[in-house]
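Chains as they are written, first to last, in my numbering: chain A, 1 to 283; chain B, 1001 to 1318. Even glycine gets a Cβ: it sits at the ideal position worked out from N, Cα and C. The structure appears below as structure tokens.
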């Protein structure tokens, strides 16, 4: 048996952006042949309790347990590339979204994250479909003034500034700037951008690349201007397949792997293959 | 003979054991840059590391200096600005703090900008990029200095000479507040103050032909809202006086109408005038011209060597 090559990927994302759901669905997908996928499980190795737990929750259409802030679980999968017969061990730390928020608010990273980053071959950056741009008062002025007149508050009540109020796209730019500023950083760093919960957005008919440029413009400009630092591609991904609270019936009518949706950057091709972003990172 | 079964002995009464909490696992952490506004030393590092334009934003208190810079940042939040893209910033939290009271997250009903307190000189940083820029990417440093500092510089040559950053300025923006300029009682005094500030900067030797000066008519939405065409006649008159007095003493003298955050005027969009300014800052600098005069073999190719050359040029200027 040839010793497998190894790829270490960092999963980057703010809270509730679908990192753990992605891992849960991926773990199920690679173990079964319900749909076509390019990477499949070669063999089990080590402790898979955590992967099995989150995968169970995903199968039961239950929210996957939130990753605690102080927990830095590292999971590994020994996968085989069906085309090349190559065996690859992919390793990810499943860090909590809060730990990424803390990078922005507390201006610190853990040494374990830093050590993982040193050896990472690339990253998957999770972007939620929630608003990323700030809302200016002048743009919303008529509505804001109307509301203030209604409650009679005016500017008497004001929320003090805190870093956590910053728009998501600003926080994501900073996370990437932190990576690029590490002294061991070797550009270009490959980034697979995963726009999560794509099932909510696909009804608009927009492609992932166009949605990203329109809705996350600061990060889009940053990445376009820094192609020498970050080489990136975009996917629209639905790991859950829909809303657990309202669409359970529809989700359980199909094989679990068929719930997964992966849309290419230009929106022209779609599949159930969650391993595509990983293959792109390994190319 | 069998021994009778021994009566089980009662366990000794439990003595209270001290409860030792499990040792808390505090992850080891590495500090990251705070992202605050830059001081002189940090700004010098940016200038030494990369090709940088220093943009001095000058004017009296309340003229809109901070609003001008934060509005550029806010424009980038929605799209590229005049074909120029946001490429990074080492002062993101500083921008965020300054933008807060103009955003709905503050739960205010009217947008505002916090006054920059009198004190040390600080800088905000934005890196920009565009394929057609002569230098891509390009770092922009904006001064974030209180209006009081410029009032002092206007009134005293020695105070003006304390503002060391002036000597390094590529672009000197002199903000004239239209709120005052449309007030017939206050407008001549306001114009006179601005001229005095520029005169002080020039006479103190802090500014010269190595700097482009741009007079900005800020809050121009108030002029539009007033709908009085005599205001433009006044601006014309003041512009002519500026040109006569200072035109030959600076690298270039231009005038721009700006409405960084127009309110209640549909004809002007958010950041009116700023895209043109950004193009100017990004595409042209008196230092580029100075650098072109120096033969290649004496400048070296490293950024640090170029920086040194530019710096020496500035120091040599009278």
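> Just how far apart, CA to CA, sit residue 279 of chain A and residue 86 of chain A?
Replying inline: If I take the Cα positions, the gap works out to 12 Å.
> Just reading off the alpha helix (DSSP H) that residue 1147 of chain B is part of, what are its end residues?
Replying inline: 1147-1155
> Buried or exposed: residue 1117 of chain B, going by 16 or more other Cβ atoms within 10 Å of its Cβ?
Replying inline: exposed
>> If contact is defined by three or more beta carbon pairs under 8 Å, each pair taking one atom from either stretch, is the segment 86-95 of chain A in contact with the segment 1059-1072 of chain B?
In response: no
> Among B/1213, B/1263, B/1134 and B/1205, which one has its Cα closest to the Cα of residue 1254 of chain B?
Replying inline: B/1213
> Going by DSSP, what residues sit across from residue 1128 of chain B in a beta bridge?
Replying inline: Beta-bridge pairing links residue 1128 of chain B to B/1086 and B/1138.
> With 8 Å set as the bound, which would you pick, yes or no: does the beta-carbon of residue 67 of chain A sit closer than that to a beta-carbon of chain B?
Replying inline: Taking Cβ atoms only, chain B never reaches closer than 8 Å to residue 67 of chain A, which makes this a no.
> Between the segment 1090-1108 of chain B and the segment 1123-1135 of chain B, are three or more C-beta pairs nearer than 8 Å?
Replying inline: yes
> Is the CB of residue 1116 of chain B under 8 Å away from at least one CB in chain A?
Replying inline: no
>> I'd like the list of long-range same chain contacts for residue 1257 of chain B, defined as Cβ closer than 6 Å, with 5 residues on each side in sequence excluded.
In response: Once the five neighbours on either side are set aside, the close Cβ partners of residue 1257 of chain B are 1217, 1220 and 1273.
> For the segment 205-275 of chain A, which segments carrying the alpha helix (DSSP H) assignment without a break, of at least 4 residues, lie completely within its bounds, in sequence order?
Replying inline: 208-215, 217-225 and 244-252
> Where does residue 1015 of chain B land, buried or exposed, given buried means 16+ other C-beta within 10 angstroms?
Replying inline: Caution is warranted here: a pLDDT of 46 is assigned to residue 1015 of chain B, below 50, making its placement in the model unreliable, and the coordinate value is therefore given only provisionally. Under this definition residue 1015 of chain B is an exposed residue.
>> Against residue 133 of chain A, what residues of chain B qualify as contacts under a CB-to-CB distance less than 8 Å, listed in chain order?
In response: 1077 and 1078
> Going by other Cβ atoms of all chains shown within 10 Å of its Cβ, with 16 needed for buried, is residue 100 of chain A buried or exposed?
Replying inline: buried
> I think residue 1141 of chain B touches residue 1043 of chain B, with their Cβ atoms under 8 Å apart; what is that distance to the nearest whole Å?
Replying inline: 6 Å
> Taking the beta strand (DSSP E) that residue 1093 of chain B falls in, what are its first and last residues?
Replying inline: Taken as a continuous stretch (DSSP letters only), residue 1093 of chain B belongs to no beta strand (DSSP E), being part of the alpha helix (DSSP H) at 1092-1099.
> Given residue 1070 of chain B, which residues of its chain have a CB within under 6 Å of its CB, disregarding the five upstream and five downstream residues?
Replying inline: Here the set comprises 1098 and 1099.
> Any Cβ of chain B within less than 8 Å of the Cβ of residue 222 of chain A?
Replying inline: yes
> How should residue 103 of chain A be labelled, buried or exposed, when 16 other C-beta atoms within 10 angstroms of its C-beta is the threshold for buried?
Replying inline: buried
> Residues in its own chain within less than 7 Å of residue 1225 of chain B by CB, not counting five upstream and five downstream?
Replying inline: Excluding residues up to 5 positions away in sequence, 1264 and 1265 lie with their Cβ nearer than 7 Å to the Cβ of residue 1225 of chain B in the same chain.
> Per DSSP, residue 158 of chain A is paired with what?
Replying inline: Its beta-bridge partners do not exist; DSSP assigns none.
> Since residue 1074 of chain B meets chain D, which of its residues come closer than 9 Å, beta carbon to beta carbon?
Replying inline: This model lacks chain D altogether; the protein chains it does include are A and B.
> Taking Cβ to Cβ, would you say residue 242 of chain A is nearer than 8 Å to residue 250 of chain A?
Replying inline: yes
> Who are the neighbours of residue 1045 of chain B on chain A, taking C-beta pairs under 7 Å?
Replying inline: Those within 7 Å of residue 1045 of chain B in chain A number zero; the least Cβ separation is about 13 Å.
> Can you name the residues that DSSP bridges to residue 1254 of chain B?
Replying inline: Bridge partners of residue 1254 of chain B according to DSSP: B/1214.
> What is the DSSP secondary structure of residue 1295 of chain B, counted as helix, strand or coil?
Replying inline: For residue 1295 of chain B, the pLDDT reaches just 38, beneath the cut-off of 50, and the residue's location in the model is therefore unreliable, although a value from the coordinates is still provided. The answer is coil: DSSP assigns residue 1295 of chain B none of H, G, I, E or B.
> What does a CB cutoff of less than 6 Å around residue 1059 of chain B pick up in its chain, not counting 5 residues either side in sequence?
Replying inline: Only 1065 and 1175 meet the Cβ criterion.
> Since residue 206 of chain A meets chain B, which of its residues come closer than 9 Å, beta carbon to beta carbon?
Replying inline: Going along chain B, no residue has its Cβ under 9 Å from residue 206 of chain A, so there is no contact; the nearest lies around 16 Å.
> Can you tell me where the beta strand (DSSP E) with residue 13 of chain A in it begins and where it stops?
Replying inline: 5-13
> Buried or exposed: where does residue 226 of chain A fall if 16 or more other Cβ atoms within 10 Å of its Cβ makes it buried?
Replying inline: buried
> So residue 1053 of chain B is in the beta strand (DSSP E); what residue range does that whole segment cover?
Replying inline: 1052-1058
> So, using beta-carbon positions, are residue 1086 of chain B and residue 221 of chain A closer together than 8 Å?
Replying inline: Between residue 1086 of chain B and residue 221 of chain A, the CB-CB gap stays under 8 Å.
> Hey, residue 1222 of chain B and residue 1182 of chain B are a contact pair by Cβ (cut 8 Å); roughly how many whole angstroms apart?
Replying inline: 6 Å
> Hey, out of A/271, A/269, A/277 and A/82, whose CA is closest to residue 41 of chain A's CA?
Replying inline: A/82
>> What does DSSP give as the partner residue(s) for residue 89 of chain A in the beta ladder?
In response: Secondary-structure assignment with DSSP links residue 89 of chain A through a beta bridge to A/6 and A/78.
> Since residue 169 of chain A is in the beta strand (DSSP E), which residue starts that stretch and which ends it?
Replying inline: Unbroken run through residue 169 of chain A is the alpha helix (DSSP H), 168-181; no beta strand (DSSP E).
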